[in-house]
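Take the position in the sequence shown, starting the count at 1, then add 464; the result is the number in the numbering used here. In this text, a Cβ means the ideal position worked out from N, Cα and C, and glycines have one as well. Below: one structure, written as structure tokens.
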Amino acid sequence: MFFDIHSHVLHKVDDGAKNLKESINLLKMMYSQGITHVLATPHFYPQIDTLDGFLEKVGKNFQELQKECQTQKVPNIYKGSEVFYYSGISKASGLEKLTLGGSDYILIEPNFNKLGVGFQKELLYFRDTLKITPIIAHLERYRKVKGYKNLLKFIKQNNILVQVNASSFLSFRHYFAIKKLVKMNIITFIGTDTHSIEHRPPQLSEALQIIEKRFGAEYKEKLICNSNEFLQKITQKGN
């Protein structure tokens with residue numbers, strides 16, 4: 465059993481699955497890799513998308529996908545979003561509608577130009593004031609961005625949750641960034657961040673093999689356990 469907390473399998477919403485058929489094919493591929501539950505987390509860009517328009521489109525397409533999944537051998541699917549960060553986002557209204565599976569957790573995509581103190585303060589505001597726990601999406605991508613080293617220290621000191629992409633464990637380009645995150649023990653979740661079969665397909669099974677080989681079976685099991693424990697938080701909400 466494995467719960468993938470980051471994917472773009474929902475069709476016709478963002479740069480993920482282009483149609484319902486591709487959504488199903490992606491889900492079948494994920495199921496073959498041992499993924500039994502998955503969060504559909506389409507991109508939400510607060511300065512471009514309207515909240516109501518986004519939720520309406522996601523809701524409609526999610527119902528279509530759920531209906532089609534009933535006749536297929538695919539993972540159970542839950543509704544969420546990947547929210548792009550901008551300065552002041554923590555004061556925006558309606559954020560609770562963008563959480564993961566109706567839980568008190570939200571997946572935040574960092575802005576390459578805003579990794580500094582302002583971003584850090586808003587992460588704490590999410591968690592401590594709004595009581596919505598932020599999860600930083602694919603942290604390893606920002607390894608060359610100004611402020612990254614200080615962000616890592618902040619994450620470690622404040623126990624901020626972090627998701628990294630399965631594909632990054634297979635990438636030489638990301639290897640040293642991943643190795644550092646493992647050494648610092650700040651990775652909470654591994655997610656596929658799958659977009660399509662051709663572009664960023666799910667690579668969980670290969671990633672787990674590499675994780676066990678390079679970082680040990682115990683570390684691999686820890687990541688699996690973290691995701692599956694998070695599934696319990698989702699299902700307890702009745703979503």
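**Request:** Taking the CB atoms as reference points, tell me whether E604 and S632 lie closer together than 8 angstroms.
**Result:** By 1-based counting over the sequence shown, the position of residue 604 is 140. By 1-based counting over the sequence shown, the position of residue 632 is 168. Yes, the pair counts as a contact, with Cβ atoms nearer than the cut-off.
**Message:** For the structure I just gave you, are there three or more beta carbon pairs, one from the segment 484 to 492 and one from the segment 523 to 541, closer than 8 angstroms?
**Reply:** yes
**Prompt:** In whole angstroms, what is the alpha-carbon distance linking F518 and S471?
**Reply:** Looking up residue 518 in the sequence shown gives position 54. Looking up residue 471 in the sequence shown gives position 7. Going by the C-alpha atoms only, they are around 17 angstroms apart.
**Request:** Below 8 angstroms on the Cβ atoms is my guess for L564 versus I698; work out the distance and round it to an integer in Å.
**Result:** Looking up residue 564 in the sequence shown gives position 100. Looking up residue 698 in the sequence shown gives position 234. About 7 angstroms; that satisfies the 8 angstroms criterion.
**Item:** Contact the segment 583 to 592 vs the segment 633 to 648: 3+ CB pairs below 8 angstroms
**Value:** no
**Request:** Could you give the DSSP three-state label for D516: helix, strand or coil?
**Result:** The residue labelled residue 516 in the question sits at position 52 within the sequence shown. D516 carries a helical assignment under DSSP once its states are collapsed to helix, strand and coil.
**Message:** Quick test of the definition: if touching needs 3 or more C-beta pairs under 8 angstroms, does the segment 652 to 661 touch the segment 613 to 622?
**Reply:** no
**Message:** So L571 and I599 are supposed to be a Cβ contact under 8 angstroms. How far apart are they, rounded?
**Reply:** Working through the sequence shown from its first residue, we reach residue 571 at position 107. Working through the sequence shown from its first residue, we reach residue 599 at position 135. At roughly 5 angstroms, the Cβ-Cβ gap stays under 8 angstroms, so L571 and I599 are in contact.
**CA-to-CA distance, C533 to L490, given in whole angstroms** = On the sequence shown, residue 490 is found 26 positions in, with the first residue counted as 1. On the sequence shown, residue 533 is found 69 positions in, with the first residue counted as 1. When rounded, the distance between both Cα atoms is 12 angstroms.
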